[in-house]
Amino acid sequence: MKRKQLLPLIGLILAALTIYLIAINFDGSATTDTDVEDIKELVHDYSTGKVEDQTASITSHELIVTNSDESKLIYDLPEDEFFVSIAPYVETTHPCAIHSLTGCQGEMIEEEFAVYIEDIEGNVIFDSKLKSFENGFIDLWLPRDKKLRVVIEHDGKRVESEISTFEDDNTCITTMQFL
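With the numbering used here applied, the sequence shown has no gaps in its numbers, which climb one by one up to 179 at the end.
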């Protein structure tokens with residue numbers, strides 16, 4: 001076969017192979033590489049209701065955005081940080097493991113809390129006042145692969161819980177009741 005005849009044949013084979021590889025790997029979703037700060041801002045925008053016509057949930061390793069046409073975008077979370085959203089409550093809560101940034105609703109809306117977090121060695125991870133969003137949740141980015149003690153105070157009441165930030169741990173904490 002002459003060289004001029006071989007080039008179009010190679011091109012056709014490569015095109016067919018590319019189409020085949022796309023077809024066998026396509027599941028209706030796309031994984032997106034995005035800068036860590038952009039991911040955090042995107043998560044914040046969903047938590048605070050700044051994004052409409054999409055739903056979003058967050059696992060221990062992915063932000064999953066579903067468009068109105070049911071197509072999905074999947075964003076990898078930072079390798080060294082773990083997202084957790086906590087909804088302290090007095091009377092009303094809901095069972096949850098994977099946080100829906102656009103669907104979960106906590107009881108204590110736009111309330112101020114003193115939040116203290118330390119690891120099991122006693123190292124302080126976080127110590128500050130935070131205000132819950134309109135969804136009643138407090139969002140935190142914590143170090144991965146840790147067992148942590150969380151203390152939240154509000155209006156003279158205190159609640160304490162142990163959480164962890166390992167692969168497949170809960171991103172939605174709805175078990176911290178003020179008594």
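Ideal placement from N, C-alpha and C gives every residue a C-beta, glycine not left out.
- [ ] Kindly examine the ligand PLP and report whether one of its heavy atoms sits closer than 8 Å to the Cβ of S100.
- [x] What this structure holds is no ligand at all, so the ligand PLP is not there to describe.
Open item on the list: I'd like to check one pair, R144 with I117: are the Cβ atoms closer than 9 Å?
Closed with: As a position in the sequence shown, residue 117 is number 117, starting the count at 1. As a position in the sequence shown, residue 144 is number 144, starting the count at 1. For I117 and R144, no; Cβs fall outside 9 Å.
TODO: Classify D119 as helix, strand or coil using the three-state DSSP reduction.
DONE: In the sequence shown, residue 119 corresponds to position 119, counting from 1. In the three-state DSSP reduction, D119 falls in the strand class (E or B).
TODO: Could you tell me the boundaries of the beta strand (DSSP E) in which D127 lies?
DONE: Reading the sequence shown from its first residue, position 127 is the one you call residue 127. Counting along the chain, the beta strand (DSSP E) containing D127 begins and ends at 124-131.
Task: For S68, the three-state DSSP class (helix, strand or coil) - done: Here the question's residue 68 lines up with position 68 in the sequence shown. Of the three classes helix, strand and coil, the one that applies to S68 here is coil, per DSSP.
Task: Cα-Cα separation, G106 to V65 - done: Within the sequence shown, numbered from 1, the residue matching residue 106 stands at position 106. Within the sequence shown, numbered from 1, the residue matching residue 65 stands at position 65. Cα-Cα distance, rounded: 21 Å.
Task: Burial state of E99 (16 or more Cβ within 10 Å) - done: Mapped onto the sequence shown, residue 99 falls at position 99. As written in the sequence, residue 99 is His, which differs from the Glu given in the question. Looking at its Cβ environment, which holds 16 or more other Cβ atoms inside 10 Å, H99 is buried.
Open item on the list: My output table needs one value for S60: the three-state DSSP class, helix, strand or coil.
Closed with: Looking up residue 60 in the sequence shown gives position 60. Coil at S60, not helix or strand.
Task: Per DSSP, cross-strand counterpart(s) of I163 - done: If you number the sequence shown from 1, residue 163 lands on position 163. DSSP, once it has assigned bridges, lists L148 as partnering I163.
Task: Sequence-distant residues of the same chain with beta carbon closer than 6 Å to K157, five excluded per side - done: As a position in the sequence shown, residue 157 is number 157, starting the count at 1. The answer, listed in chain order, is F178.
Open item on the list: Contact defined as beta carbons within less than 8 Å: I believe S132 pairs with I125. What is the distance between those atoms, to the nearest angstrom?
Closed with: For the purposes of this step, residue 132 is taken as the residue at position 132 of the sequence shown. For the purposes of this step, residue 125 is taken as the residue at position 125 of the sequence shown. With a Cβ gap of about 19 Å, S132 and I125 do not count as contacting.
- [ ] Measure the alpha-carbon distance for M176 versus I120 and round it to whole angstroms.
- [x] Against the sequence shown, residue 176 aligns to sequence position 176. Against the sequence shown, residue 120 aligns to sequence position 120. Approximately 19 Å between the Cα atoms of the pair.
- [ ] Assuming I173 and I86 form a contact by the criterion Cβ under 8 Å, report the distance between their Cβ atoms to the nearest whole angstrom.
- [x] For the purposes of this step, residue 173 is taken as residue 173 along the sequence shown, with counting starting at 1. For the purposes of this step, residue 86 is taken as residue 86 along the sequence shown, with counting starting at 1. Going by Cβ atoms, the distance from I173 to I86 rounds to 4 Å, so yes, they are a contact pair.
- [ ] Could you give the DSSP three-state label for E41: helix, strand or coil?
- [x] Along the sequence shown, one-based indexing puts residue 41 at 41. DSSP places E41 in helix when its eight states are reduced to three.
TODO: For N170, collect the residues of the same chain with a Cβ closer than 6 Å to its Cβ; drop the 5 residues on either side in sequence, then sort them by chain order.
DONE: Looking up residue 170 in the sequence shown gives position 170. So the list reads A97, once near-sequence residues are dropped.
- [ ] Count the other C-beta atoms from every protein chain shown that fall within 10 angstroms of the C-beta of P88, then say buried if there are 16 or more, exposed otherwise.
- [x] Stepping through the sequence shown from its first residue, residue 88 is reached at position 88. Under this definition P88 is a buried residue.
Open item on the list: Any beta carbon from chain C within less than 9 Å of P143's own beta carbon?
Closed with: Absent from the structure: chain C. Only one protein chain is present.
Open item on the list: So, with DSSP's three-state summary, where would you put R84?
Closed with: Here residue 84 refers to the residue found at position 84 when the sequence shown is read from its first residue. According to the sequence shown, residue 84 is Val rather than Arg. Strand, per DSSP.
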